[in-house]
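Asker:
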Amino acid sequence: MIEKVKKNIFIAIAVSAVIYLILSFYASFSNILIAVEQFDWFYIIVIFILSYLTFFTRFLKWDYYLNLLNFKIAKSDSYLIYMSSLIMSVTPGKIGDLIKSYMLKESDNIPISQTAPIILAERITEFLSLLLIAVAGIYFYEKGTILVIILTILLLGFALLLSNKRSSDWILLKLSNFKFIKKHVNNFSVVLSNSHKMLQPVPFLKMILLSLVSWFFEGFAFYLILIKFAVPISLEWSFFIYAFSIIIGSVSMIPGGIGVTEGSLTFLLIESGVTKNISVLATFIFRIASLWFAVGIGILSLLKYQRKIGKLKFNDLSKDGE
């Protein structure tokens, strides 16, 4: 599995390099160099700190869910596991986050079915909070209305379905009619039960708020990049561009939203009157400070975790009914 992860990262880097090259041609290399001189590079450290605060806030969510489900993991191990999972940021919809469950299985022998619902709860609360930011943007700017409203209704409906015990039992009953699921009905029962606990009103609202905080750090990093290019843009509009572009990238199911997110950010900035060279370079800086910084932290954390715990084997977990 680790070899596959390495391969995916190299492919993602290669594809990103091609996309950045195409965008640079589009904006003109000479104009990109002019934009490089215009940017106040002193603030790059602040931008990376804001990105790290995004990751750290999401770690707090992960750790909260572990405690909510009564899994007593040392904070240092919990932190390393979460930060290691950032290596999977270049997987479609970040489904590679399941590596956290694999790691807990190998280090603490916790069944994957018990912790996998945490990843689901993380995705639901993160995406819903991002949609809330986009909805606020729609109120001011009336762009992307239909897509954002449909996604919000669908995701909120799904969360409500899983949070209700009766509907969870009904889902399990219907799923048990399928041969494959019938063999793993106990695991599915655990998944639904733990999802039900995490999506109750109090933890659900708490994690929505914490998700909003994490998105704020990243969104403010994007805003800071723009104002350090002396772009006359409001905080609300920059947050909408950021949120809408991340949503488009996530919905595309392309690993890390590579290409789609960059294209959306660049397009919306140009539509807002920002010059091509600044739009492209601002997008580059933001994606390096968010996506690729995350992957870098993930690599370093995974190496540290393996030195502490031992090399991850990712054995055939199907033997355990996982």
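For the sequence shown, the working numbering assigns the number 2 to the initial residue and increments by one for each residue that follows. C-beta: ideal position from N, C-alpha, C; glycine also.
Just verifying my parser: in three-state terms, what is the DSSP assignment at N187?
Answerer: Numbered from 1 along the sequence shown, position 186 holds the residue referred to as residue 187. In the structure shown, N187 sits in a helix (DSSP, three-state: H, G or I).
Asker: On the DSSP letters alone, give me the boundaries of the alpha helix (DSSP H) that W1 sits inside.
Answerer: Past the boundaries of the shown model lies residue 1; the chain is included only from 2 to 323, so the question cannot be answered.
Asker: What beta strand (DSSP E) runs, 3 residues minimum, are completely inside the stretch 71 to 134?
Answerer: The qualifying runs do not exist here; there are none.
Asker: Am I right that T267 and I249 are in contact with their C-beta atoms under 8 Å? What's the rounded C-beta distance?
Answerer: Position 266 of the sequence shown, counted from the first residue, corresponds to residue 267. Position 248 of the sequence shown, counted from the first residue, corresponds to residue 249. That pair is no contact at about 12 Å.
Asker: Answer with buried or exposed for Q115, where buried requires no fewer than 16 other C-beta atoms within 10 angstroms of its C-beta.
Answerer: As a first step, residue 115 is located in the sequence shown; it is residue number 114 there, counting from the start. Buried: at least 16 other Cβ atoms inside 10 Å.
Asker: Does DSSP put I298 in a helix, a strand or coil?
Answerer: In the sequence shown, counting from the first residue as 1, residue 298 sits at position 297. Helix at I298.
Asker: So what's F230 in DSSP terms, helix, strand or just coil?
Answerer: Start at 1 with the first residue of the sequence shown, and residue 230 comes out as number 229. F230: coil per DSSP, three-state reduction.
Asker: For Y140, count neighbouring C-beta atoms within 10 Å of its own C-beta (all shown protein chains included) and say buried if the count is 16 or more, exposed if not.
Answerer: Counted from its first residue, the sequence shown places residue 140 at position 139. It counts as exposed.
Asker: Specify whether the stretch 104 to 121 and the stretch 283 to 294 touch according to this definition: at least 3 beta carbon pairs, one from each stretch, less than 8 Å apart.
Answerer: no
Asker: How many Å lie between S79 and K106 at the Cα?
Answerer: The residue given as residue 79 occupies position 78 in the sequence shown. The residue given as residue 106 occupies position 105 in the sequence shown. If you take the alpha carbons of S79 and K106, they lie about 13 Å apart.
Asker: Using beta-carbon positions only, say whether G138 and E219 come within less than 8 Å of one another.
Answerer: By 1-based counting over the sequence shown, the position of residue 138 is 137. By 1-based counting over the sequence shown, the position of residue 219 is 218. Contact annotation: G138 and E219 have beta-carbon atoms that are not nearer than 8 Å.
Asker: Around the C-beta of L225, are 16 or more other C-beta atoms found within 10 angstroms, so that it is buried, or is it exposed?
Answerer: The residue given as residue 225 occupies position 224 in the sequence shown. Under this definition L225 is a buried residue.
Asker: Quick check on the burial criterion: 16 or more other C-beta atoms within 10 angstroms. Buried or exposed for E324?
Answerer: An answer regarding residue 324 cannot be provided, because it is not within the stretch 2 to 323 covered by the chain.
Asker: At what residues does the alpha helix (DSSP H) containing F49 begin and finish?
Answerer: Counted from its first residue, the sequence shown places residue 49 at position 48. Where F49 is concerned, the enclosing alpha helix (DSSP H) stretches over 45 to 69.
Asker: Given N278, which residues of its chain have a CB within under 6 Å of its CB, disregarding the five upstream and five downstream residues?
Answerer: Reading the sequence shown from its first residue, position 277 is the one you call residue 278. Excluding positions up to five away in sequence, the list reads A28, N32, I33, A36.
Asker: Going straight from the alpha carbon of I88 to that of K184, what length do you get?
Answerer: Counting from 1 along the sequence shown, the entry for residue 88 is found at position 87. Counting from 1 along the sequence shown, the entry for residue 184 is found at position 183. Those two C-alpha atoms are separated by around 32 Å.
Asker: Ordered along the chain, which non-local residues of its own chain (more than five positions away) have a Cβ less than 8 Å from that of Q201?
Answerer: Counted from its first residue, the sequence shown places residue 201 at position 200. Once the five neighbours on either side are set aside, the close Cβ partners of Q201 are S164.
Asker: Candidates G297, F56, V47, S77: which alpha carbon is nearest A222's?
Answerer: Taking the sequence shown and counting its residues from 1, one reaches residue 222 at position 221. The candidate whose alpha carbon is nearest that of A222 is V47.
Asker: Rounded to whole angstroms, what is the Cα-Cα separation between A295 and I134?
Answerer: As a working note, residue 295 is residue 294 in the sequence shown. As a working note, residue 134 is residue 133 in the sequence shown. For A295 and I134, the distance between alpha carbons rounds to 22 Å.
Asker: Quick one: any contact between the stretch 70 to 85 and the stretch 299 to 307, if contact means 3 or more CB pairs under 8 Å?
Answerer: Yes: the two stretches touch, three or more of their Cβ pairs being nearer than 8 Å.
Asker: Comparing alpha-carbon positions, which option in L51, I289, K101 lies nearest S302?
Answerer: For this step, residue 302 is matched to residue 301 along the sequence shown. With distances taken between Cα atoms, S302 lies closest to K101.
Asker: Using only the alpha-carbon positions, how far apart do L24 and F56 sit?
Answerer: Taking the first residue of the sequence shown as position 1, residue 24 is located at position 23. Taking the first residue of the sequence shown as position 1, residue 56 is located at position 55. When rounded, the distance between both Cα atoms is 28 Å.
Asker: Do V186 and S194 have their C-beta atoms closer together than 8 Å?
Answerer: Translated into the one-based positions of the sequence shown, residue 186 becomes position 185. Translated into the one-based positions of the sequence shown, residue 194 becomes position 193. Taking 8 Å as the Cβ cut-off, V186 and S194 do not qualify as a contacting pair.
Asker: Tell me the DSSP secondary structure of G258 in three-state form.
Answerer: Indexing the sequence shown from 1 puts residue 258 at position 257. Here G258 sits in helix by DSSP.
Asker: Classify R167 as buried or exposed, calling it buried when 16 or more other Cβ atoms lie within 10 Å of its own Cβ.
Answerer: Along the sequence shown, read from residue 1 onward, the residue named residue 167 stands at position 166. R167 should be labelled exposed.
Asker: The ligand GDP and R167: does any heavy atom of the ligand fall closer than 7 Å to the residue's C-beta?
Answerer: Among the components of this structure there are no ligands whatsoever, and the ligand GDP is therefore not found.
Asker: Let me make sure I understand the geometry here. Which of I50, L132, P256 has the alpha-carbon closest to that of A15?
Answerer: Looking up residue 15 in the sequence shown gives position 14. If we check each option's Cα against that of A15, P256 comes out closest.
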